[in-house]
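Below: one structure, written as structure tokens.
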Amino acid sequence: MHMSIFYFSGTGNTKWIAEKLSQTLNSNMHTADCYTIEKQNEELTALINLALKQSDYIGFAFPLHGADAPRVMKEFFAMFVSIAAKLRQTSAKLMFLNTFGYVNGMGYFRAKKMLKKCGMPIDYYINFRLPNNSESKNYKLLGNNMPEKIKGAALSKIDRLVRALEKGRKNIQGIGPHLLPGIVIRKLLAEKIKESYNNFIIDASLCTKCMMCVKNCPTQSIEYSKDSFAFKSACDVCWRCIAMCPTGAISMNNKSV
Ligand SMILES: Cc1cc2nc3c(=O)[nH]c(=O)nc-3n(C[C@H](O)[C@H](O)[C@H](O)COP(=O)(O)O)c2cc1C
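In terms of numbering that gives the first Met the number 0, the sequence shown has 122 at position 123, counting the first letter as 1, and numbering is strictly consecutive.
Given below as structure tokens:
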């Protein structure tokens, strides 16, 4: 079996899941490639074409942002659908891997709607409940630094997923009434998330101007000029700048999501 996994990860949780699944497949006589979607469009187009031609499964891994996919992931889906619809010669099946802090209010039906136009079946929709990055006061608890108990539970889930894949047993998780609040959350939070780039604060007394935030922002939304920082509207509010700042100088004011 060959799997290609495309992921977006703001603060490392989803990256950890995507990489662990890829490693588990590779160490079980299968092959897997794991790609961040933070690439130039040309490179991403080539990788999507390759994945569609060579993979038995294509995985999409991303965190939930306001019971929805982050904007950058939705843009990736639009690209994926247009390439897949044109290619029409793929037998690949799709897999969703969602990470979130509380409950997955997005779910299979929304995923299906997003990918409808490519006509490919979604055989797996897998949920991973991990630490909530937008509430964590200690970012050293995210990604590879998550507590051992959480990592252990996630690894067991990945093992079960690989067994299900080997047996061709589909697995759609999280269909239930809890998806209904997701509809409300999406309505209430979409605009708030979009506007929250206005709410980032940099504490000048802590900032060392190391530029980690500027260099690592996935949407290049932090600008530094004339001795001050500005957050731009392209920001996807993924929390990476907050999590990566070595001195804890970046925060959200209390209007944050
Ligand atoms: C802007 C934003 C919105 C979020 N919305 C939700 C949500 O609706 N439901 C939820 O359970 N977790 C939510 N979370 C938590 C993340 O989905 C979760 O911590 C995820 O594992 C982070 O993954 P990452 O480290 O790969 O970015 C949100 C986080 C952020 C930054």
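Beta carbons: idealized from backbone N, C-alpha and C, even for Gly.
Inter-residue Cα distance where the pair is residue i and residue j
{"i": "Tyr196", "j": "Asn27", "result": "43 Å"}
{"i": "Ser250", "j": "Gly100", "result": "19 Å"}
{"i": "Ala31", "j": "Ile157", "result": "14 Å"}
{"i": "Thr218", "j": "Ala233", "result": "6 Å"}
{"i": "Lys111", "j": "Ile171", "result": "11 Å"}
{"i": "Asp235", "j": "Thr23", "result": "30 Å"}
{"i": "Ser21", "j": "Phe108", "result": "25 Å"}
{"i": "Phe230", "j": "Ile192", "result": "14 Å"}
{"i": "Ile82", "j": "Met113", "result": "14 Å"}
{"i": "Asp122", "j": "Val161", "result": "13 Å"}
{"i": "Met105", "j": "Thr13", "result": "16 Å"}
{"i": "Ser8", "j": "Thr89", "result": "27 Å"}
{"i": "Lys19", "j": "His29", "result": "14 Å"}
{"i": "Ile36", "j": "Cys216", "result": "13 Å"}
{"i": "Gly173", "j": "Leu187", "result": "22 Å"}
{"i": "Asn103", "j": "Pro180", "result": "10 Å"}
{"i": "Gln53", "j": "His1", "result": "7 Å"}
{"i": "Lys254", "j": "Ala248", "result": "Below a pLDDT of 50, predicted positions are generally treated as unreliable, and Lys254, at 49, falls in that range; the measurement from the model is reported next regardless. One C-alpha to the other measures close to 18 Å."}
{"i": "Leu93", "j": "Tyr56", "result": "6 Å"}
{"i": "Leu164", "j": "Met243", "result": "35 Å"}
{"i": "Gly175", "j": "Ser155", "result": "23 Å"}
{"i": "Asn40", "j": "Glu147", "result": "36 Å"}
Integer-rounded CB distance, given that residue j should sit under 8 Å from residue i
{"i": "Lys136", "j": "Val80", "result": "Contact doesn't hold; Cβ gap of about 38 Å is too wide."}
{"i": "Thr10", "j": "Gly142", "result": "6 Å"}
{"i": "Ile184", "j": "Ala68", "result": "Contact flag wrong, Cβ pair sits at about 13 Å."}
{"i": "Phe95", "j": "Ile47", "result": "Their Cβ separation, rounded to whole angstroms, is 16 Å, which puts Phe95 and Ile47 out of contact at 8 Å."}
Limits of the alpha helix (DSSP H) - the one that residue i falls within
{"i": "Ile184", "result": "Leu178 to Glu194"}
{"i": "Met72", "result": "Arg70 to Leu86"}
{"i": "Asp340", "result": "This structure cannot speak to residue 340, because the chain is shown only from 0 to 256."}
{"i": "Ser155", "result": "Glu147 to Glu165"}
Extent of the continuous beta strand (DSSP E) to which residue i belongs
{"i": "Lys92", "result": "Lys92 to Phe99"}
{"i": "Ile121", "result": "Ile121 to Arg128"}
{"i": "Ile57", "result": "Tyr56 to Pro62"}
{"i": "Ile47", "result": "Unbroken run through Ile47 is the alpha helix (DSSP H), Asn40 to Gln53; no beta strand (DSSP E)."}
Whole runs of the alpha helix (DSSP H) within the segment 190-250, excluding any shorter than 4 residues: 211-215 and 239-243
Length at least 3, wholly inside the segment 3-39: the beta strand (DSSP E) runs in chain order: 30-35
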